[in-house]
Amino acid sequence: MIVRDTVQMPCPHCQHVQDFEVLLLVTGDMEPPLRDRIISGDWATFCCQKCQKKELILYPTLYEDRVRKVRIHYQPDEAEAAQFLKQLPETVASYGPNYADYQVRLVTNPLDFMEKVAIFTAGYDDRIMEAVKQALKQADSLPNDLVDLYFGLNPEGDKLFYLYTPSGLLGLDFDEALYQQVAERAPEFGQDQVFVVDQDWVNQQQWI
Ligand SMILES: [Zn+2]
């Protein structure tokens, strides 16, 4: 299922007005091309037909995958997201019985949203992936000036970590053996909902 809207938007650089497609709900298992547009960041990129400049547009989207049984709410407005988080248990209850065994996530950063969609698309668990990222940071094998790292899928579908550094974006091959090592240590997560899974969450876990 897709819920989309087309809005008239002025280019932030030259004010040229053109259509911009807004994706409000994307069911990724039904629409792999749209899923891939989220993973690449293209879903939120405004490409001006006049001045050719590109701009990331921040707007909320709900992503779901019925195979992985996950729903990811992306709300880029921090205040709105904080409010939304308080109401999320009731919101999840209102989804109905079809969603009873779904994991639900809330992200506020577009890079986190792209990463979550990539993680579930690749068949991984985001809780284990956060632990893998922590293990990589602790192993001291990353650049000293690392700002952040994200799991991703490149346009060829290869799994990798994107390393953000002041000198540019680097790629690191995904280490399947490390993921499996961490997964073996992880507890049975059960159906407990953890709406926000990030490095802060993983730092509070005892099993790592
Ligand atoms: Zn323009």
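7 is the number of the first residue of the sequence shown in the working numbering; add one for each residue after it.
All C-beta atoms in this analysis are idealised placements derived from N, C-alpha and C, irrespective of residue type, glycine included.
Between the stretch 148-167 and the stretch 60-77, the count of Cβ pairs shorter than 8 Å is below three; the stretches do not touch. Apart from the 5 residues on each side of it in sequence, residue 115 sits with its Cβ closer than 8 Å to the Cβ of 82 in its chain, given in chain order.
Counting C-beta pairs with one atom in each stretch, the stretch 204-212 and the stretch 133-149 have three or more that are closer than 8 Å, which means they touch.
Rounded to the nearest whole angstrom, the CA to CA distance from residue 31 to residue 88 is 20 Å. Distance from the CA atom of residue 195 to the CA atom of residue 109, rounded to whole angstroms, is 11 Å. In its chain, beyond the 5 residues on either side, 16, 54, 55, 56, 57 have a beta carbon closer than 8 Å to the beta carbon of residue 22. By the rule of a C-beta closer than 5 Å to any heavy atom of ligand 1, the residues picked out are 17, 19, 20, 22, 54, 56, 57. Judged by beta-carbon spacing, residue 117 lies beyond the 8 Å limit of residue 67, meaning their Cβ atoms are not closer than that value. Comparing alpha-carbon positions, the option among 26, 200, 144 lying closest to residue 214 turns out to be 144. Within the same chain, Cβ atoms closer than 6 Å to the Cβ of residue 90 are found at 81, the five residues on either side in sequence being excluded. Taken through DSSP and simplified to helix, strand or coil, residue 78 comes out as strand. In the three-state reduction of the DSSP assignment, residue 38 falls in the helix class, which pools H, G and I. In this chain, the alpha helix (DSSP H) harbouring residue 191 covers 182-191. Under the DSSP assignment, residue 125 falls in the alpha helix (DSSP H) whose first and last residues are 116-127. Take residue 25, set aside five residues on each side of it, and the residues of its chain with a beta-carbon closer than 8 Å to its own are 12, 13, 14, 15, in chain order.
Per the DSSP secondary-structure output, residue 8 pairs in a beta bridge with 32. Looking from the CA of residue 124, the closest CA among 38, 94, 157, 105 belongs to 157.
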